[in-house]
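Engineer: Each residue of the sequence shown is one higher than the one before, starting from 2 at the first, in our numbering.
We treat Cβ as the ideally placed atom computed from N, Cα and C, and that holds for glycine.
Here the structure is a predicted model, which is why all the values come from computation and not from measurement.
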Amino acid sequence: MTDGVMSQSPPIPGIDLNADPTVPDVTMHSALLPDEAVSRVQKPRRAMPADAVRPTRAEINLASLRHNLHVVRKHAAGAKVWAVLKADGYGHGAPAVARTLERAGADGFCVALLEEGVELREAGITAPILVMGGYYGAAYAELLARRLTPVVYDMAQVEGFAKLARAGEFDSPVTVHLKVDTGMARLGVTTSELPAFAGGLARFPEVHIGGLMTHLACADAASEDELTAQMVLFDDATLLLAQHGVRPALRHAANSAALLRGHAQLDAVRPGVALFGVSPRLVRGAGAAAAANETGPMVAGLWPVMRVRTEIIALRDVPLGAPVGYGATFRTTRPSRIATIPMGYADGLSRHLSNTGSVLIAGRRAPIVGAVSMDMSMIDVTDIAAATPVAVREEVVVLGPQEGRLGKDVITADEVADQTGTIAWEVLTAVSRRVPRFYREP
Numbered sequence: 002m003t004d005g006v007m008s009q010s011p012p013i014p015g016i017d018l019n020a021d022p023t024v025p026d027v028t029m030h031s032a033l034l035p036d037e038a039v040s041r042v043q044k045p046r047r048a049m050p051a052d053a054v055r056p057t058r059a060e061i062n063l064a065s066l067r068h069n070l071h072v073v074r075k076h077a078a079g080a081k082v083w084a085v086l087k088a089d090g091y092g093h094g095a096p097a098v099a100r101t102l103e104r105a106g107a108d109g110f111c112v113a114l115l116e117e118g119v120e121l122r123e124a125g126i127t128a129p130i131l132v133m134g135g136y137y138g139a140a141y142a143e144l145l146a147r148r149l150t151p152v153v154y155d156m157a158q159v160e161g162f163a164k165l166a167r168a169g170e171f172d173s174p175v176t177v178h179l180k181v182d183t184g185m186a187r188l189g190v191t192t193s194e195l196p197a198f199a200g201g202l203a204r205f206p207e208v209h210i211g212g213l214m215t216h217l218a219c220a221d222a223a224s225e226d227e228l229t230a231q232m233v234l235f236d237d238a239t240l241l242l243a244q245h246g247v248r249p250a251l252r253h254a255a256n257s258a259a260l261l262r263g264h265a266q267l268d269a270v271r272p273g274v275a276l277f278g279v280s281p282r283l284v285r286g287a288g289a290a291a292a293a294n295e296t297g298p299m300v301a302g303l304w305p306v307m308r309v310r311t312e313i314i315a316l317r318d319v320p321l322g323a324p325v326g327y328g329a330t331f332r333t334t335r336p337s338r339i340a341t342i343p344m345g346y347a348d349g350l351s352r353h354l355s356n357t358g359s360v361l362i363a364g365r366r367a368p369i370v371g372a373v374s375m376d377m378s379m380i381d382v383t384d385i386a387a388a389t390p391v392a393v394r395e396e397v398v399v400l401g402p403q404e405g406r407l408g409k410d411v412i413t414a415d416e417v418a419d420q421t422g423t424i425a426w427e428v429l430t431a432v433s434r435r436v437p438r439f440y441r442e443p
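1) Suppose contacts are defined by Cβ-Cβ distances below 9 Å. Is Ala363 in contact with Val393 by that definition?
2) With respect to the alpha helix (DSSP H) encompassing Ala428, which residues constitute its N-terminal and C-terminal limits?
3) With a threshold of 16 other CB atoms inside 10 Å of the CB of Met375, please say whether the residue is buried or exposed.
4) What residue range does the beta strand (DSSP E) around Leu361 cover?
5) Report yes if the CB atom of Val132 is closer than 9 Å to the CB atom of Leu115, and no otherwise.
6) Under 9 Å, do Val351 and Val417 count as touching if we go by C-beta distance?
7) Looking at the strands, I want to know which residues DSSP matches up with Cys111.
8) Mark Ser337 as exposed unless 16 or more other C-beta atoms lie within 10 angstroms of its C-beta, in which case mark it buried.
9) Who are Ala386's beta bridge partners in DSSP?
10) Could you tell me the alpha carbon to alpha carbon distance between Gly288 and Ser280, rounded to whole angstroms?
11) Apart from the five residues on each side of it in sequence, which residues of its chain come closer than 8 Å, Cβ to Cβ, to Ile380?
12) Does the Cβ-Cβ distance between Pro443 and Asn69 come in under 9 Å?
13) May I have a chain-ordered list of the beta strand (DSSP E) segments no shorter than 3 residues that lie completely inside the segment 213-294?
14) Apart from the five residues on each side of it in sequence, which residues of its chain come closer than 6 Å, Cβ to Cβ, to Gly184?
15) Do the CB positions of Met214 and Arg252 come within less than 9 Å of each other?
16) Among the residues of its own chain, which have a CB less than 6 Å from the CB of Ala64, if the five just before and after it don't count?
17) Which one or two residues does DSSP pair with Lys75 in a beta bridge?
18) Is the CB-CB distance between Leu276 and Val73 below 9 Å?
19) Looking at C-alpha atoms only, which residue of Ala372, Val208, Arg46 is the closest neighbour of Phe162?
20) Any idea what DSSP makes of Phe439, helix, strand or coil?
21) Buried or exposed for Ala107, going by 16 or more other Cβ atoms inside 10 Å?
22) By a C-beta neighbour count over all protein chains shown, 10 Å radius and 16 as the cutoff for buried, is Pro272 buried or exposed?
23) Just the C-alpha distance for Pro206 and Arg282, rounded to the nearest angstrom, thanks.
24) Is the segment 86-94 touching the segment 322-333, taking contact as three or more C-beta pairs under 8 Å?
25) Taking all protein chains shown into account, decide if Val54 is buried (16 or more other Cβ within 10 angstroms of its Cβ) or exposed.
26) Distance, Cα to Cα, Asp52 vs Gly94?
27) Can you tell which of Pro320, Arg438, Thr423 has its C-alpha closest to the C-alpha of Leu354?
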């Protein structure tokens with residue numbers, strides 16, 4: 002590393018950073034239900050470090066990731082830690098992240114999509130993987146062939162897995178996790194439907210309910226009323242299932258927010274964003290008012306894992322009153338020095354940061370001016386240039402810390418979220434797959 006910029010990705014045991022992203026699709030397992038057509042699961046594709054030409058990249062600090070797992074495990078109070086790696090590991094690159102967490106002792110992983118589970122198995126992950134999204138299309142057999150654990154919430158799903166077991170293609174019983182809707186109104190068996198559902202399970206002894214789960218809707222609310230109400234319903238669901246002879250060995254509900262508050266830990270916890278250094282913030286309201294009503298972080302000690310950096314590729318002097326960018330949304334109020342960086346909204350730099358956000362150069366903030374373009378953005382470096390020479394190839398940090406000749410500062414995912422009217426989760430996952438991930442092992 003030179004001047005804080007990695008010239009190449011350091012070698013990490015078990016992580017092939019130069020793997021071909023154009024590997025052919027994964028062919029579906031041949032044992033499909035009679036009425037299902039042959040389908041295919043496509044592997045996600047991402048820009049690879051070996052193919053990087055432009056200087057825009059996301060640097061992933063694996064030491065920080067391991068540190069956050071240690072913090073999470075302390076809060077889990079003995080519960081199993083199933084790391085949530087949806088959306089390409091919250092934008093950090095799920096295969097490399099999963100390998101690191103598995104070696105560091107994570108008990109299992111949760112994904113949203115079957116495709117995400119396939120990707121982790123293809124990357125050599127052997128730990129349990131729970132597929133939580135509930136949509137498996139015609140790929141029930143592929144899911145079981147990959148040793149993935151499905152989440153079910155509909156009797157048709159139970160019947161589908163039972164048919165496969167009866168056909169003798171897979172070991173019986175098939176273990177699944179059952180999702181109960183306690184107030185999210187998204188997926189899960191509702192509490193009103195649960196008695197009939199529990200009774201119907203007796204028709205499918207080939208399916209074993211090994212886990213029971215729910216999803217907490219308001220774990221980051223300042224009031225704990227909604228969280229408590231959901232857990233009461235979850236306990237009621239557990240008792241009802243027990244009356245029908247269904248006693249899952251593993252119950253889990255806690256996301257990052259609930260875990261860090263010390264609630265709903267049960268037998269396992271499902272941390273997601275906390276593993277990547279973001280502590281959910283307690284909020285009094287919802288929607289647009291939430292940020293204004295922020296009451297502070299839930300826990301200290303989490304370290305950001307992602308740092309997004311690029312470089313200046315052009316510099317120009319712009320006279321007073323000149324327009325900058327599409328739509329001339331910015332006009333200079335003084336003779337200005339304007340830098341261009343090769344990163345835009347197609348890379349994850351939100352267009353909402355136009356004339357609002359900042360980047361770091363030499364350890365000091367410089368404003369984004371003009372409209373953020375698809376592939377490039379402009380930065381006003383006039384004040385920085387007055388203090389120190391600014392040149393092409395100068396490092397620019399879009400997200401994360403920088404220490405330079407003018408000081409040190411950090412741009413956090415929470416800060417960007419507040420500026421763009423969203424949440425830190427979206428900021429991280431918005432960093433697109435065309436931005437290569439470089440894995441750092443200090």
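Structural biologist: If we stick to the structure as given:
1) For Ala363 and Val393, no; Cβs fall outside 9 Å.
2) Contrary to the premise, residue 428 reads as Val rather than Ala in this sequence. Residues 425-430.
3) By the neighbour-count rule (16 or more Cβ atoms within 10 Å), Met375 is not buried but exposed.
4) Residue range 359-362 is occupied by the beta strand (DSSP E) that includes Leu361.
5) Against a cut-off of 9 Å, the Cβ pair of Leu115 and Val132 comes out as a contact.
6) At residue 351 the sequence reads Ser, which differs from the Val that was named. Ser351 places its beta carbon less than 9 Å from that of Val417.
7) Answer is Val85, Leu131.
8) Buried, because 16 or more other Cβ atoms sit within 10 Å of the Cβ of Ser337.
9) Note: Ala386 sits in no beta bridge, so no partner.
10) Residue confidence is low: Gly288 scores 48 on pLDDT, short of 50, so the model does not pin down where it sits. Its coordinate-derived value is still stated next. Roughly 18 Å between the two C-alpha positions.
11) Taken in chain order, the residues that qualify are Ile313, Ile339, Ala340, Thr341, Ile342, Val360, Ile362, Ala367, Pro368, Ile369, Val370, Val397.
12) No Cβ-Cβ contact shorter than 9 Å links Pro443 with Asn69.
13) Within the segment 213-294, the complete beta strand (DSSP E) runs of at least 3 residues are 251-255, 282-284.
14) The answer, listed in chain order, is Ala218, Gln231.
15) Judged by their CB atoms, Met214 and Arg252 are nearer to each other than the 9 Å cut-off.
16) Contacts found: Pro443.
17) DSSP lists no partner for Lys75.
18) In this structure, Val73 lies closer than 9 Å to Leu276 by Cβ.
19) Ranked by how close their Cα comes to the Cα of Phe162, the residues Ala372, Val208, Arg46 have Val208 in first place.
20) In the displayed model, Phe439 falls within a strand according to three-state DSSP.
21) Ala107 should be labelled buried.
22) Counting Cβ neighbours within 10 Å, Pro272 comes out buried, since at least 16 surround it.
23) About 43 Å.
24) No: fewer than three Cβ pairs fall under 8 Å.
25) Counting C-beta atoms within 10 angstroms of its own C-beta, Val54 has fewer than 16 neighbours from the protein chains shown and is therefore classed as exposed.
26) The alpha-carbon atoms of Asp52 and Gly94 are separated by roughly 16 Å.
27) Leu354 has its Cα closest to that of Thr423, out of Pro320, Arg438, Thr423.
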